[in-house]
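Reading through the structure tokens given below for one structure.
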Amino acid sequence: MKRVLGVIAATAFIIGTAAPIQAMGSSDAYENIQVGVTYTVYEPSFTAGLTARHLGGNDLCQKGTEQNLTVQYGKGNGRNFTITEGNPMCFDIGNGATVLRTTINGSKAFVQAYCDPASSKKCTKADVIKYGGHLEVTLPGANGLRPTRIWIETYGGNNLSAQQLVRIAKSLTPVGD
Numbered sequence: 003m004k005r006v007l008g009v010i011a012a013t014a015f016i017i018g019t020a021a022p023i024q025a026m027g028s029s030d031a032y033e034n035i036q037v038g039v040t041y042t043v044y045e046p047s048f049t050a051g052l053t054a055r056h057l058g059g060n061d062l063c064q065k066g067t068e069q070n071l072t073v074q075y076g077k078g079n080g081r082n083f084t085i086t087e088g089n090p091m092c093f094d095i096g097n098g099a100t101v102l103r104t105t106i107n108g109s110k111a112f113v114q115a116y117c118d119p120a121s122s123k124k125c126t127k128a129d130v131i132k133y134g135g136h137l138e139v140t141l142p143g144a145n146g147l148r149p150t151r152i153w154i155e156t157y158g159g160n161n162l163s164a165q166q167l168v169r170i171a172k173s174l175t176p177v178g179d
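The numbering of the sequence shown is my numbering, which starts it at 3 and goes up by one.
Here it is as structure tokens:
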């Protein structure tokens, strides 16, 4: 009987202490990540009709470095894109030919297509759909936080267009605003 009462008491303690911890978290995963980093976390309002399937930090950062945020949108074999945010970035992104330069929320940005550099034809914006590519921008810090380097990448055969990458980037806003 003492053992049963001990198990009931332990279970009640765990439930009683877990509820307040869960209540502290937000229902917005982007906001939850913002709590753990000193760079500004940005969230898109336009996602080309694709839903997030994974949101979290990555384990490529060295010890003592803040984790980068990685969010994957879409389906594994279908249309998809990934947003990576950080300051600094803990890994490198693919390089391609710059096919578009633009301004995102006052910051200079560029789009690269992952074309074959040995090809004799010049890469264009249309090649982002064919071969994949990425948009890169550094957006300013908000609410006393540091600026954020952002990559929006599409690859895998069923890619977004350069214009869609720009539209996603233009829809980014700091969480909590």
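Note that beta-carbon positions come from the ideal geometry of N, C-alpha and C, so glycine has one too. None of the values given here were measured: they were computed from a predicted structure.
Query                                                                                                                    : Result
Spatial distance of asparagine 97 from tyrosine 116 (CA atoms)                                                           : 7 Å
Selection from Asn161, Ile152, Ser163 that minimises the alpha carbon distance to threonine 175                          : Ile152
Span separating the alpha-carbon of proline 142 from that of threonine 42                                                : 8 Å
Identity of the residues DSSP links to isoleucine 85 by a beta bridge                                                    : Val73, Ile154
C-beta atoms of threonine 80 and asparagine 160 nearer than 8 Å                                                          : Reading off the sequence shown, one finds glycine at residue 80, where the question assumed threonine. It is a contact, given that the beta carbons lie within the stated cut-off.
Nonlocal neighbours in the same chain, by C-beta distance under 6 Å from leucine 102, ignoring five residues either side : Val113, Lys127, Ala164
Short Cβ contact (8 Å threshold) for alanine 111 with threonine 100                                                      : no
In DSSP terms, what proline 46 is bridged to                                                                             : Leu174
For leucine 162: DSSP bridge partner residues                                                                            : Paired residues: none, contrary to the question.
Length of the line joining the Cα atoms of alanine 171 and glycine 76                                                    : 16 Å
DSSP bridge partner residues for aspartate 140 (one or two, in chain order)                                              : It is worth fixing the name first, because residue 140 is threonine in this sequence and not aspartate. Threonine 140 is bridged to Arg151.
Element boundaries [alpha helix (DSSP H), containing isoleucine 35]                                                      : 31 to 36
DSSP-derived helix/strand/coil call for valine 39                                                                        : coil
Expected contact under 8 Å - CB spacing of asparagine 107 and cysteine 92 to nearest Å                                   : The pair is not a contact, with the Cβ atoms about 24 Å apart (cut-off 8 Å).
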